[in-house]
Amino acid sequence: MTIRCPLIPKGICVNLFGTFWARDTSWIDKYVINHERIHTAQQRELLFIPFYILYIIEWLFRLLQYRNRKAAYMNISFEREAYANGHNLSYLPHRKPYSWTKYIRLR
């Protein structure tokens, strides 16, 4: 389910507890939905709140590492899994739990 929200920056989709929030939903296609559903699977296996805590901690670590917000975001393990498999519409039914851990980079 995608909810329109004027507070979300343009061109961004935010997944909060399995609901998708965006300012304008016209650009959201099946691949964006698949990307967000991958995040929902990650959130569920970590019982939601720990997902958000780990996400923020990893983003802060990556921000220190790359000194660039976009690079930090793109190197979060959760995002790496979602971007790597967002165009594979058959990924989720075959996804193993905690698959995002394969995308963790130590440097």
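By our numbering, the letter at position 10 of the sequence shown is numbered 14, and the numbering carries on one by one without gaps.
Just so you know, even glycine gets a beta-carbon here, dropped at the ideal spot from N, CA and C.
In this text the structure is predicted, and so the values were computed from the model without any measurement.
Determine which residues share a DSSP beta bridge with residue i and list them.
| i | result |
| --- | --- |
| LEU20 | THR23 |
In this structure, does DSSP put residue i in helix, strand or coil?
| i | result |
| --- | --- |
| THR6 | strand |
| THR37 | The amino acid occupying residue 37 in the given sequence is Ile; Thr does not appear at that position. Helix, per DSSP. |
| THR29 | coil |
| ILE42 | helix |
Which residues in the same chain have their Cβ closer than 6 Å to the Cβ of residue i, if we skip the five residues on either side of it in sequence?
| i | result |
| --- | --- |
| GLU62 | ILE80 |
| GLN47 | PHE55 |
| PRO13 | none |
| ILE16 | none |
What is the C-beta distance between residue i and residue j, in whole angstroms, given that I count them as a contact (C-beta under 8 Å)?
| i | j | result |
| --- | --- | --- |
| TRP25 | ILE7 | 5 Å |
| HIS91 | TYR35 | 5 Å |
Once you ignore the five residues that flank residue i on each side, which residues in its own chain have a CB closer than 7 Å to its CB?
| i | result |
| --- | --- |
| HIS3 | This structure does not reach residue 3, given that the chain is present from 5 up to 111, and the question cannot be answered. |
| ARG73 | LEU67 |
| THR23 | MET5 and ILE7 |
With 8 Å set as the bound, which would you pick, yes or no: does the beta-carbon of residue i sit closer than that to a beta-carbon of chain C?
| i | result |
| --- | --- |
| ARG41 | The chain inventory of the structure shown lacks chain C, comprising one protein chain alone. |
So, at 8 Å on beta carbons, what are the nonlocal neighbours of residue i in its own chain, with the 5 sequence-adjacent residues on each side left out?
| i | result |
| --- | --- |
| MET78 | ARG84 and TYR87 |
Task: Secondary structure, alpha helix (DSSP H): runs of 4+ residues fully inside the region 53–111 - done: 53–70, 73–78, 81–89 and 95–98
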